[in-house]
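In the numbering used here, the protein residues as written are 331 to 535.
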């Protein structure tokens with residue numbers, strides 16, 4: 331059972347908020363991609379849907395080598411790199427989606443790779459101050475947030491596609507991701523400074 335105690339844990343709360351924003355763009359972009367390839371580059375929808383495959387392959391490879399990546403990069407560096415890939419992919423697509431279909435392929439590769447890269451270190455960071463007996467519940471609520479954000483992202487992306495251009499939809503997706511990323515980064519740096527001060531105080535005692 332999710333108790334109010336979970337929401338007094340700063341790292342967990344800010345991670346959940348970030349997940350809600352950023353993961354809503356995940357399936358939103360994947361949903362939009364084949365339609366953009368069809369409408370802007372003349373591809374059939376069935377063939378356009380295959381453009382997603384390179385992104386999934388890269389995501390699988392990152393999952394396979396995640397242990398080695400973790401040995402080179404800290405959790406914070408890994409998460410920030412993932413954020414850069416996700417946001418960069420959306421911004422690049424918003425700027426150059428009409429240029430060539432290759433832009434969409436490169437964007438989905440970076441985008442999917444970013445999500446694959448961020449999952450494990452984000453979960454570890456979110457659960458840092460949660461006891462082992464309650465970690466299962468915390469992970470369950472974390473995944474529930476993802477499962478709510480994903481269909482919500484599809485819904486608002488589909489609605490936006492009916493109302494405006496692909497460039498504008500992609501800028502909106504980039505803005506949504508940027509809000510979530512900014513919330514996380516600001517809170518992460520603030521809490522890191524507080525934790526550092528507490529550590530120094532403890533050492534002095």
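Glycine residues also receive a C-beta, built at the ideal position from the N, C-alpha and C atoms.
Distance, residue j Cα to residue i Cα
i: residue 441; j: residue 338; result: 31 angstroms
i: residue 370; j: residue 455; result: 40 angstroms
i: residue 428; j: residue 497; result: 8 angstroms
i: residue 509; j: residue 348; result: 8 angstroms
i: residue 341; j: residue 457; result: 8 angstroms
i: residue 434; j: residue 514; result: 27 angstroms
i: residue 404; j: residue 396; result: 12 angstroms
i: residue 398; j: residue 391; result: 11 angstroms
i: residue 387; j: residue 470; result: 26 angstroms
i: residue 483; j: residue 500; result: 12 angstroms
i: residue 462; j: residue 453; result: 13 angstroms
i: residue 489; j: residue 361; result: 12 angstroms
i: residue 431; j: residue 439; result: 13 angstroms
i: residue 366; j: residue 502; result: 15 angstroms
i: residue 421; j: residue 444; result: 14 angstroms
i: residue 412; j: residue 505; result: 16 angstroms
Nearest-angstrom Cβ-Cβ length linking residue i and residue j, presumed shorter than 8 angstroms
i: residue 417; j: residue 511; result: 6 angstroms
i: residue 507; j: residue 351; result: 7 angstroms
i: residue 415; j: residue 447; result: 7 angstroms
i: residue 408; j: residue 451; result: 5 angstroms
Local conformation of residue i per DSSP, three classes
i: residue 495; result: coil
i: residue 380; result: helix
i: residue 519; result: helix
i: residue 429; result: coil
i: residue 477; result: helix
Residue interval of the alpha helix (DSSP H) (run including residue i)
i: residue 386; result: 383–394
i: residue 458; result: Looking at the DSSP string, residue 458 is not in any alpha helix (DSSP H), and its letter there is neither H nor E.
i: residue 354; result: 340–371
i: residue 415; result: 405–426
Validate contact between the region 466–483 and the region 354–366 using beta carbons, cut 8 angstroms, 3 pairs: These segments touch.
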